[in-house]
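Just below is one structure, and these are the notes that go with it.
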Amino acid sequence: MKISPIFISLIATSLLIFSCRQEPAGLGYTASKSATGSTAMVVSPHPLASEVGRQILQKGGNAIDAAVAVQFAIAVVYPRAGNIGGGGLLVLRQAEGETVTLDYREKAPAAATRDMYLDSLDNIVPGLSTDGHLAVGVPGTVAGLIAAYDRYGGGLPFAELIQPAIDFAEKGFRVSITEAERLNTYQDAFRQYNTDDNPFVKDTPWQEGDLLRQPNLAKTLIRIRDEGRMGFYGGQTADYIVAEMKRGGGIITLDDLSDYQPTWRLPVTGTYKNYRIITMPPPSSGGIALVQLMKIMESYPLASMGFQTAASTHLMTEAERRVYADRAEHLGDMDFFPVPVDSLLKKQYLNSRMADFNPEAATPSAKILAGAIANTPEHFETTHTSVVDAQGNAVSVTTTLNGNFGSKVLVHGAGFFLNNEMDDFSAKPGVPNQFGLVGAEANAIAPGKRMLSSMTPTIVEKDGRLFLVLGAPGGSTIITAVFQVILNVTEFGMDLESAVNAGRFHHQWLPDQVMVEKGTLSPEVRQALEKMGHTFREVERMAVIKAIQRLPDGTLQGVGDRRNPDDDARGY
Ligand code: GLY
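In terms of our numbering, the sequence shown is residues 4 to 575.
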């Protein structure tokens with residue numbers, strides 16, 4: 004059996020860390036929430052994955068090499084969102100300033116139909132688009148990572164990038180308290196949708212430090228290492244996926260798998276003062292919404308209004324409300340629907356969207372556009388990695404299974420979870436999905452179409468130089484989190500750690516309420532906002548940012564979010 008030098012050195016690093024830090028007993032790793040480096044940096048949702056990335060960078064791999072290695076590692080050590088059965092969106096800024104994005108979002112299978120989640124009375128069948136086999140979109144992650152490596156990899160062999168993931172799957176790793184809790188929450192669902200070879204099912208509750216081995220996943224990763232794309236979209240892995248579909252009434256076929264292709268796209272860009280925002284075009288809604296929000300803010304003296312005062316919170320909330328209304332109406336897969344990108348980003352248009360903004364009062368969402376009542380958003384799960392390498396190349400990549408552990412369907416024999424991304428389509432116009440988001444024709448289901456995403460992998464330049472790399476998991480709250488962290492740094496004078504960890508608020512047009520994290524906004528500010536007509540819903544936490552800032556002297560500051568105890572930044 005092949006054990007990579009990286010794996011051996013990870014164990015050694017873990018032992019070293021163990022000897023110098025107070026870490027949870029027996030875990031073998033400790034999350035480092037903040038790190039500085041003079042050369043390179045990676046921030047990911049798990050210490051073991053960040054360490055893989057750091058070592059790839061230190062061996063001379065570039066940002067794409069590190070991002071690919073980290074993505075495969077989190078498919079093993081962060082199973083609730085890291086994946087090979089899902090999809091992702093990636094933004095690359097090369098050291099010389101060239102930019103490109105890669106869309107490896109899942110697609111609707113060829114047999115998908117517009118009304119596939121409706122009953123004979125045209126009502127949504129609860130759970131059909133979120134749980135089980137019919138919720139699954141054709142996965143894009145493996146094709147995407149291989150395409151990114153083939154075009155922009157820095158020269159390290161692909162086998163070297165995927166090997167740490169294989170080793171984690173074969174040898175096992177110790178689960179953190181957060182992962183153990185998540186695994187315990189979904190035991191019933193795992194049992195409901197799966198056969199008996201599921202390593203995530205346990206008769207006694209998962210505890211921090213338990214060893215999780217995934218032998219079938221290791222074999223799948225070995226097939227990908229040895230056969231490349233065909234190790235997933237053809238041969239034994241594809242047969243396993245199709246057999247799993249047949250077992251549970253899913254519709255993905257061998258042709259769907261072999262036809263899947265990721266797509267290189269030009270980024271959506273926009274300026275904000277002396278900053279340039281480089282972000283993801285559709286099927287992300289996040290890029291357009293973020294640039295809209297930033298451009299709207301440019302017309303207001305935000306810094307002098309102050310951080311989370313009634314005035315600034317009201318302004319930002321009203322902008323968010325309008326931008327999410329646009330999202331619902333206009334955004335979808337550009338390959339299927341003519342998204343009016345240029346119009347949506349025009350200053351004149353954005354000024355007109357704010358024409359009815361009243362600094363003294365909330366504008367009811369019903370007045371902006373008629374809509375429906377939303378359900379309760381929960382289970383924000385997706386995940387993000389930010390990387391900067393020694394040459395100054397930067398990668399911002401968000402990947403997702405959609406919900407925690409996706410559809411909860413683990414491919415029998417192949418050992419990985421399949422996404423439930425079909426729920427990100429608008430299954431019926433005006434009816435909210437699991438994030439409470441509504442949609443229309445632009446995001447209706449069609450064979451081969453990509454479902455709209457809120458993932459917002461983003462890179463920000465300042466005066467033409469790399470400044471910020473950031474993104475987050477968090478469903479519909481990703482966009483407003485990226486927006487607010489950028490403003491925390493650029494307008495409210497915060498260092499990156501404070502900017503990421505500051506409390507956040509979120510308005511998504513429908514439901515007509517401000518979601519606010521516990522402890523965020525002073526009682527006086529809330530009272531003032533309530534007087535203006537805003538209503539609040541408190542939530543424990545929203546999106547979980549992973550960010551890197553290039554400081555004026557060139558030092559890289561990496562920050563993982565307090566909201567995920569496993570978030571980890573490390574550089575050198
Ligand atoms: N699955 C969450 C998103 O793409 O927005």
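We put the beta carbon where it would ideally sit given N, CA and C, even for glycine.
Let me know the secondary structure DSSP gives residue i once reduced to three states.
i      : result
Asn219 : helix
His537 : coil
Glu520 : strand
Ala443 : coil
Ser399 : strand
Asn1   : The requested residue 1 is not part of the displayed model; the chain covers only 4 to 575.
Phe161 : helix
Gly91  : strand
Phe340 : coil
Phe75  : helix
Ala114 : coil
Glu464 : strand
Ala364 : strand
Leu30  : coil
His136 : helix
Ile169 : helix
Where residue i and residue j are concerned, what is the direct C-alpha to C-alpha distance, given to the nearest angstrom?
i      : j      : result
Glu541 : Leu148 : 37 Å
Arg24  : Val492 : Bear in mind that the predicted position of Arg24 carries a pLDDT of just 40, short of 50, making it too unreliable to give a figure here.
Ala52  : Met119 : 38 Å
Val326 : Pro265 : 27 Å
Arg565 : Lys36  : 7 Å
Thr104 : Asp569 : 27 Å
Met357 : Thr480 : 21 Å
Gly577 : Met535 : Nothing in the structure corresponds to residue 577, since the chain is present only between 4 and 575.
Gly234 : Ala146 : 10 Å
Asp68  : Ala138 : 31 Å
Ile165 : Tyr236 : 17 Å
Val390 : Ala397 : 6 Å
Phe420 : Pro460 : 23 Å
Thr256 : Gly89  : 16 Å
Gln217 : Ala369 : 49 Å
Ala221 : Asn201 : 14 Å
Ser123 : Val441 : 21 Å
Asp496 : Ala306 : Residue identity check: residue 496 is Gly in the sequence provided, not Asp. The straight-line gap from Cα to Cα measures roughly 9 Å.
Ala172 : Asp153 : 24 Å
Val204 : Gln239 : 24 Å
Ile280 : Val463 : 5 Å
Ile448 : Gly309 : 43 Å
Considering only DSSP beta bridges, list what residue i is partnered with.
i      : result
Thr274 : Arg279
Ile551 : Val472, Gly561
Ser37  : Val562
Met44  : Val391, Gly574
Arg268 : Thr104
Leu413 : Phe420
Leu404 : Paired residue(s): none; Leu404 is not in a bridge.
Ser287 : Ser456
Arg177 : Leu214
His509 : Met518
Kindly list the residues whose CB is nearer than 6 Å to the CB of residue i, restricted to its own chain and excluding five residues on each side of it in sequence; keep chain order.
i      : result
Gly561 : Ala38, Met44, Val46, Ile551, Ala572, Gly574
Glu500 : Ser37, Val562
Phe340 : Ala445
Val412 : His136, Tyr196, Leu421
Should residue i go down as buried or exposed, given a rule of 16 or more other Cβ atoms within 10 Å for buried?
i      : result
Gly156 : buried
Trp267 : exposed
Ser410 : buried
Asn436 : buried
Arg194 : exposed
Thr483 : buried
Gln530 : exposed
Leu490 : buried
Glu99  : exposed
Lys110 : buried
Who are the near neighbours of residue i in its chain, counting only those whose CB is closer than 8 Å to its CB and skipping five residues on each side?
i      : result
Gly557 : Ser41
Asn407 : Arg83, Ala84, Arg185, Thr188, Tyr189, His382, Glu384
Pro348 : In the sequence as displayed, the identity of residue 348 is Leu instead of Pro. Around Leu348: Val271, Gly273, Ile291, Val294, Gln295, Lys298.
Asn277 : Lys465, Asp466
For the ligand FAD, is there any heavy atom lying closer than 8 Å to the beta carbon of residue i?
i      : result
Gly563 : With respect to the ligand FAD, the structure shown offers nothing to examine, as its ligands consist of the ligand GLY.
Output needed for residue i: all residues of its chain with C-beta closer than 7 Å, excluding positions within five of it in sequence on either side, in chain order.
i      : result
Ser346 : Tyr352
Tyr81  : Pro48, His49, Ala52, Thr386
Met248 : His136, Ile254, Ile255
Lys521 : Glu541, Glu543
Gly416 : Asn219, Tyr243
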